[in-house]
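J.:
Numbering (this note's numbering), first residue to last: 2 to 137.
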């Protein structure tokens, strides 16, 4: 079964949130959209992947986790940003925020099993943050 990528609307930030699904399983990438924006689908959310730890990419992470009871994964170099309002830059905007720590950490070249035999490969692309990642 092929995978489809849908962009979920994010309010207030120039950020993107993506829903990756194949009709059975789904993954959320960069949880900045509210859970109410989830596509109407039978796909079951398996987990959340964060491409870097700035607040505009993790804004609704705890809401998704509370609603769907799925683990969040972030690169090990950005894991501290979930709980550090200076590092996730929320304090810079006058709204110091923190989130629950990630359940899983990622490293360069790690393979993420999507559950149907497909995989995503983590590519560490430090620059914007030390733990910035791309997924292949």
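Positions of the beta carbon are idealized from the N, C-alpha and C atoms, including for glycine.
Could you tell me the alpha carbon to alpha carbon distance between residue 40 and residue 101, rounded to whole angstroms?
T.: Locating residue 40 in the chain shown gives position 39, where the first residue counts as 1. Locating residue 101 in the chain shown gives position 100, where the first residue counts as 1. If I take the Cα positions, the gap works out to 25 Å.
J.: Tell me the rounded alpha-carbon separation between residue 19 and residue 30.
T.: Locating residue 19 in the chain shown gives position 18, counting from the first residue. Locating residue 30 in the chain shown gives position 29, counting from the first residue. Spanning the two alpha carbons is a distance of roughly 5 Å.
J.: Of the residues 64, 87 and 106, which one's Cα is nearest the Cα of residue 96?
T.: Along the chain shown, one-based indexing puts residue 96 at 95. Of the candidates 64, 87 and 106, the one whose C-alpha sits nearest the C-alpha of residue 96 is 87.
J.: Is it right to say residue 37 is buried, meaning 16 or more other beta carbons lie within 10 angstroms of its own, or is it exposed?
T.: Residue 37 sits at position 36 when you count from the first residue of the chain shown. Residue 37 comes out exposed.
J.: Take the Cβ of residue 120 as the centre, count every other Cβ of all protein chains shown within 10 Å, and call the residue buried at 16 or more, exposed below.
T.: For the purposes of this step, residue 120 is taken as residue 119 along the chain shown, with counting starting at 1. The residue is exposed, with fewer than 16 neighbouring Cβ atoms inside 10 Å.
J.: Give me the residue from 52, 42 and 47 with the minimum Cα distance to residue 16.
T.: What you label residue 16 is simply residue 15 of the chain shown in a count that begins at 1. Taking only the C-alpha atoms, the option nearest residue 16 is 52.
J.: To the nearest angstrom, report how far apart residue 104 and residue 72 are at their CA atoms.
T.: Taking the first residue of the chain shown as 1, we reach residue 104 at position 103. Taking the first residue of the chain shown as 1, we reach residue 72 at position 71. Their backbone Cα atoms lie some 5 Å apart in a straight line.
J.: Return the bridge partner residues of residue 20 from the DSSP annotation.
T.: If you number the chain shown from 1, residue 20 lands on position 19. Bridge partners of residue 20: 7 and 29.
J.: Alpha helix (DSSP H) containing residue 58: first to last residue?
T.: Translated into the one-based positions of the chain shown, residue 58 becomes position 57. It spans 56-59 - the alpha helix (DSSP H) in which residue 58 sits, taken as one unbroken run.
J.: Sort 76, 77 and 34 by Cα distance to residue 63 and report the nearest one.
T.: Within the chain shown, numbered from 1, the residue matching residue 63 stands at position 62. Residue 34 is the option with its Cα nearest to residue 63.
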